[in-house]
Amino acid sequence: MSESKNPISFILKKPNAKPGRKPKEVWNFFTAIGEKKEGHRGCKCKYCPWSQTRGEPSSMEAHLALSCHKTPQDVKEKFLLIVKTRGESQTLQLEAAEIPSKKRKAGHQQLITKYGESNTIEPIKKQICDCTVAKFFICCRISFRLVEHPFFIDMVKSLCLGYDPPRANTLSQDFLYEELANIVVDQHLELKRTTNLTLGFDSWTSPLGQSLYAFVIMTPDRKEIIHCIKNLSANSHTANFLADQLNEVITEVGAENFAAVVSDHASACAAAKKRIAERYKHILPIRCIAHHVNLISTDICKTTFAKDVISKC
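So the sequence shown is numbered by the numbering used here: it starts at 3 and just counts up by one.
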């Protein structure tokens with residue numbers, strides 16, 4: 003049989019076959035940049051200027067899910083679930099690996115490490131320790147780089163010789179991204195099934211002179227959920243612009259879930275709320291009662307009677 007008619011030879015010489023592993027789906031949303039080094043190339047987000055000199059799928063997935071504000075909502079939700087389930091699947095795998103050791107018979111010969119300190123620990127215990135360390139650094143606002151400080155490592159080793167704390171970049175990326183994804187997904191699901199929501203927004207200037215806007219959603223049981231905080235320094239805060247920002251939040255969560263939008267009574271904010279109420283007839287524009295009372299109290303304190311009372315206190 004000639005080589006041209008040999009089906010095995012034909013399959014082996016298929017011109018379209020590419021060697022190596024198939025790129026992950028996340029690469030569909032990034033542009034490969036730079037020269038390939040050690041089998042890896044850089045990447046650049048197709049929705050924003052974010053880039054990496056070495057494209058790491060886990061970081062790319064976290065960027066689309068948590069960092070990129072221009073990512074389409076369906077893409078964001080997809081990768082939020084990917085980041086969330088990645089951490090859960092790792093935990094399940096570690097727990098499954100521990101089951102055989104728990105099924106040992108009582109008469110099984112004891113290991114010598116039982117009577118001395120071992121220089122290794124079980125994978126599931128290491129993951130628990132890693133999560134605890136991450137919670138400590140994040141909640142106490144301690145710099146992640148201190149996890150690699152020799153004194154901190156000495157302290158950890160004195161408590162558990164077999165435990166090696168995570169690196170700073172692991173804390174600031176993997177653990178932080180997974181926990182943030184868990185929170186965002188849980189909040190997203192809660193908002194989707196809750197009605198009579200109230201959207202509140204307010205602004206302030208940071209110490210760096212940035213104009214920041216917070217969009218907070220309040221549930222009927224008085225739970226407050228921070229939907230997003232945006233740096234809008236580069237924009238003119240007109241009524242139309244603020245109305246567009248409000249509409250983005252309302253559309254993302256679901257307009258049918260909202261009953262009101264509330265803010266202080268700055269002219270642009272009041273006009274933005276009015277535009278939202280005109281677009282969605284069931285959403286009421288409400289003035290912030292606390293701000294209203296504050297303004298009334300300020301005017302009262304300017305009266306002669308109030309000044310006399312205050313001076314005698």
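Where is the CB? At the ideal position from N, CA and C, for every residue including glycine.
Residue range of the unbroken alpha helix (DSSP H) whose run includes residue i
i	result
residue 26	Segment: none, residue 26 is in no alpha helix (DSSP H) and carries neither H nor E.
residue 222	That residue, residue 222, is in no alpha helix (DSSP H); it is neither H nor E in DSSP.
residue 262	Residue 262 -> not in any alpha helix (DSSP H); beta strand (DSSP E) instead, spanning 260-265.
residue 153	152-161
residue 59	59-64
Simplified DSSP state of residue i, which is helix, strand or coil
i	result
residue 303	helix
residue 129	helix
residue 115	Below a pLDDT of 50, predicted positions are generally treated as unreliable, and residue 115, at 48, falls in that range; the measurement from the model is reported next regardless. Helix at residue 115.
residue 237	coil
residue 168	coil
residue 37	strand
residue 190	helix
residue 145	coil
residue 210	coil
residue 231	strand
residue 46	strand
Cα-Cα separation between residue i and residue j, rounded to whole angstroms
i	j	result
residue 138	residue 186	20 Å
residue 264	residue 195	21 Å
residue 262	residue 143	35 Å
residue 253	residue 241	18 Å
residue 274	residue 304	31 Å
residue 155	residue 164	12 Å
residue 63	residue 31	10 Å
residue 308	residue 148	54 Å
residue 192	residue 153	43 Å
residue 296	residue 280	28 Å
residue 260	residue 251	10 Å
residue 199	residue 276	17 Å
residue 84	residue 140	22 Å
residue 167	residue 53	28 Å
residue 205	residue 314	37 Å
Residue i, enclosing beta strand (DSSP E) - first and last residue
i	result
residue 199	199-207
residue 277	Taken as a continuous stretch (DSSP letters only), residue 277 belongs to no beta strand (DSSP E), being part of the alpha helix (DSSP H) at 269-281.
residue 288	286-289
Which listed residue (the options) has its alpha carbon closest to that of residue i
i	options	result
residue 57	37, 283, 72	37
residue 65	75, 161, 304, 81	81
residue 239	154, 200, 271	271
residue 169	221, 151, 181, 182	151
residue 278	217, 246, 43, 184	246
residue 50	43, 73, 182	73
residue 39	55, 48, 46	55
residue 234	71, 78, 122, 42	71
residue 61	266, 177, 294	177
- Message: For the structure I just gave you, are there three or more beta carbon pairs, one from the stretch 288-301 and one from the stretch 222-236, closer than 8 Å?
- Response: Because the criterion of three Cβ pairs below 8 Å is not met, the stretch 288-301 and the stretch 222-236 do not touch.
- Contact between the stretch 130-137 and the stretch 169-184: three or more CB pairs below 8 Å? Taking one beta carbon from each stretch, the stretch 130-137 and the stretch 169-184 have 3 or more pairs nearer than 8 Å; the two touch.
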